[in-house]
Structures are given as structure tokens and as C-alpha cells.
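Participant: After the C-alpha cells below, expect a handful of questions from me.
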Amino acid sequence: MILRSFKRVRPRCLADLACFLLVAVFVPVTFIFQVTVVLPELMELFGFGYYLLFFIFFIGVFILFNLISNMMACMLVDTSINIELLKPPLDPVQRISWHKCDDCQAEVPPRCRHCDICQICVLKRDHHCRFTGCCIGHYNYRYFFFFLLYLAIGSMISSIMGSIFICLHLDIYWHLSTLLTVFAPAVSLALNANWMSFYLLICELSLLSFCTTSLLLVYHSDIFKRGTVVKERGTSRWNLGLHGNSQMVLGKRMHITWLSPFIRSDLPHNGINWETKED
Ligand SMILES: [Zn+2]
Ligand SMILES: [Zn+2]
């Protein structure tokens, strides 16, 4: 595994920076809100014992840890071409699947595509992710997938807990001005800055995050299952079956990779030489 230099990790455009900051601020703030405001209220209401409270807190920390560390891994792991190491095969039959990238001025292997934002070719490139500010490709797809999964789970739990919190405070939220708060929480917060408006904004962002990440997760699960990438959706050339496709992304120890991004799981392919269905 090769890590990228800091210069290449930082977001390269304003859209990337804005999306990155949204996650980097929203995730810890939501966690703090849930633990310090919502959990104590639920504890009082439902009479949670300390064991149950500790268990819920532990689950929250586990999700937060995996969400942040997978996001960091996704940003740090280099999945671009390393031009010095890339040597086109001498066999003309194998060489036919390679192509030249005019921007990188290099011969690149099959499934490798150029990213105009990252300004480099990426091995088995899937797409450019705004939230991590980097391309998702062969070596970091595993981290991206779990980042998305834990973001969806985390925002689902936060949405449920947030909805209960709002229901408990309907006396504050259930009036005409709530309309403004519901449909324009940021405007409402600016006009009437108070903690309750801020809490509502977090709950709404959680719900929005849950809807968005669930859709993205369904979309990427389909890609994952087929062993393909966004640009190869029409072909089943690289489809190695569910087990082979899962290994292609998660590596040889795929069954335990969900526990942490720090668990080593070597990928069966090097991102350069690919076996196809016909091989
Ligand atoms: Zn290129
Ligand atoms: Zn990119």
C-alpha cells in the first residue's frame, strides 16, 4: 500500500473543500449532540440502565471510528498510476489492452482512467469523490465503500434519535415559525439563533444525509456486486462472480474488513494485470 503525499491529499477545488468540510464538521457535531443532548433525555424517558447506555455509546464510537478512519484511509491511499513502476508488457497481445494517456504522457493499463481534477490516471477508476476530494479506484474502493456504509448507518441512527428528540419537544417546534425552521433551517438559525434551532438543523441534516447515502450505497452495491466501475456498467467482462468481485474490492480477508480499515487484507489484483471472465 502506497500513501499519498500531503500535497496531493488536500482538496483541489472549492466544491471538494466544501463537501469535505461538510462531513468533517457535521459528523463530530452530530455525535456530540447525540451523546450530550439526546441520549440523556432518552435515558430519562425510557429509564435506560447504565449498561444499555454504555452499549449504545460503544456502538456510536465504533461507527464514528470506522466512518472517520475509512474516510482518512480513502484519502491517504494512493490508487493512481506510479509512472516510474508502470512498464507496458512486451507481449503484443497483452499490450493491445493498454492505451496512452495524453495528459500523463504515459502508457496505462486497462481499466485505468484519467481524472481531470486529480490530474492523474487512476487504476480501475470508479469516480471522483467530492467528500474525500480524491478519486476512488482499485486500492481505496474498500475504504470508500465502508465510509459510505458507516455514514449511512450513522445518519440512520442519528435520524431516528433526532426524530424522537423533536417529538419530545413539539411544544417548542410545533408552531407557525417551525415552517421556516423546517424548510430553511440555516435561515431560521441566522434570524433566531438559539440551541433548539441548531438541534433541528442537525436532525434535518442527518435525515438528508441518510437519504443521500442510502441511495449512493444501493448504487455502489450494485457496481460492487458486478465487479465493475461506473464507466463499465454496460459490460460484464470483469465480472468474476460475487465471491471474486468481493475479493477484488475487499481483499483476501474480506470477512473481517468491516471491523476496521487497519485490518490488512491484500487485494488479489495489482490494478494493472486483470483477468477477465473469458480467461
Ligand atoms: Zn492520465
Ligand atoms: Zn479525481
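Take the sequence shown: its letter number 56 is residue 149 in the numbering used here, and every next letter is one higher.
Each residue gets a CB set at the ideal place from its N, CA and C atoms; glycine is no exception.
Which two residues bound the contiguous beta strand (DSSP E) that contains isoleucine 213?
Facilitator: From DSSP, the beta strand (DSSP E) with isoleucine 213 extends over 213 to 215.
Participant: Three or more beta-carbon pairs under 8 Å between the segment 135 to 148 and the segment 221 to 233, yes or no?
Facilitator: Counting Cβ pairs under 8 Å, fewer than three are found: no touch.
Participant: Using only alpha-carbon positions, find the residue among Ile356, Phe126, Pro104 and Met249 that is nearest to cysteine 222.
Facilitator: Here the closest residue by C-alpha is Pro104.
Participant: My output table needs one value for glutamate 134: the three-state DSSP class, helix, strand or coil.
Facilitator: Helix, per DSSP.
Participant: Judging by CA-CA distance, which residue of Pro361, Ile125, Ser339 and Met249 is the nearest neighbour of phenylalanine 303?
Facilitator: Checked all of Pro361, Ile125, Ser339 and Met249; the closest Cα to phenylalanine 303 is Met249.
Participant: Are there 16 or more other CB atoms within 10 angstroms of the CB of isoleucine 213, so buried, or fewer, so exposed?
Facilitator: By the 10 Å Cβ count, isoleucine 213 comes out buried.
Participant: For glutamine 404, which of Ser281, Tyr144 and Leu157 has the nearest alpha-carbon?
Facilitator: Missing from the structure shown is residue 404; the chain here goes from 94 to 372 and no further.
Participant: Where do the N-terminal and C-terminal ends of the alpha helix (DSSP H) with isoleucine 125 fall, by residue?
Facilitator: Looking at the DSSP string, the run of the alpha helix (DSSP H) that includes isoleucine 125 is 107 to 126.
Participant: Under the rule that 16 or more other beta-carbon atoms within 10 Å means buried, what is proline 133, buried or exposed?
Facilitator: With fewer than 16 other Cβ atoms within 10 Å, it is exposed.
Participant: Please confirm whether phenylalanine 237 and valine 116 have their CB atoms less than 7 Å apart.
Facilitator: No, the Cβ-Cβ distance between phenylalanine 237 and valine 116 is not below 7 Å.
Participant: Is the beta carbon of aspartate 196 closer than 7 Å to that of valine 322?
Facilitator: Contact: no.
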